[in-house]
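Asker: Can you keep this structure in mind? I'll have questions shortly.
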Amino acid sequence: MHEITLVTGLFEIINEQVAAQGIESISKVRLKVGELAAVEPMTLAACFEVVAEGTVAEGAQLEIVEVPLTGRCRGCGERFRIVNFSFSCPVCASGDVEPTGGRELYLESLEGTMKSW
Ligand SMILES: [Zn+2]
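In our numbering, the protein residues as written are 108 to 224.
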């Protein structure tokens, strides 16, 4: 269960943005989570709720955008979706596949209200 660690790290980034942009309250947090990041969205959402309590993100909606696992064949250059962790090219059957997507785990955007100066 590494979701709580992820959420704690996420909040460090959120707090930086809150301070830098003068955000008063956050209504929505959009996260990109790759298929390979091995994150359980329900657990992540529950952890988020707990950590958000008492912060500007309290009650914010957590939107998780899942990024599929994709790869590129080093042999023929084909780009494809990797299903069932089968790292072989559907075109030339080469096993020399470079993963191109699916490890992501980052804050894509924040929605909230800014402080009026
Ligand atoms: Zn290929």
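We put the CB at the ideal spot given by N, CA and C, even for glycine.
Note that the structure is predicted; figures quoted are calculated from it, not measured.
1. Using alpha carbons as the reference points, say which of SER201, PRO175, GLU165 lies closest to THR207.
2. Starting from CYS180 and walking both ways along the beta strand (DSSP E), at which residues does that stretch end?
3. With a threshold of 8 angstroms, establish whether the CB of SER201 neighbours any heavy atom of ligand 1.
4. Grouping DSSP H, G and I as helix and E and B as strand, with all else coil, what is VAL158?
5. Under 8 angstroms from any heavy atom of ligand 3, does the C-beta of VAL136 make it?
6. So, GLY166 versus GLU205, is the Cβ gap smaller than 9 angstroms?
Answerer: By the coordinates alone:
1. When only C-alpha atoms are compared, the closest one is PRO175.
2. DSSP places CYS180 in the uninterrupted beta strand (DSSP E) bounded by 177-180.
3. True, at least one ligand heavy atom lies under 8 angstroms from that Cβ.
4. Assigned with DSSP and collapsed to three states, VAL158 falls in helix.
5. This structure lacks ligand 3; its bound ligands are ligand 1.
6. For GLY166 and GLU205, no; Cβs fall outside 9 angstroms.
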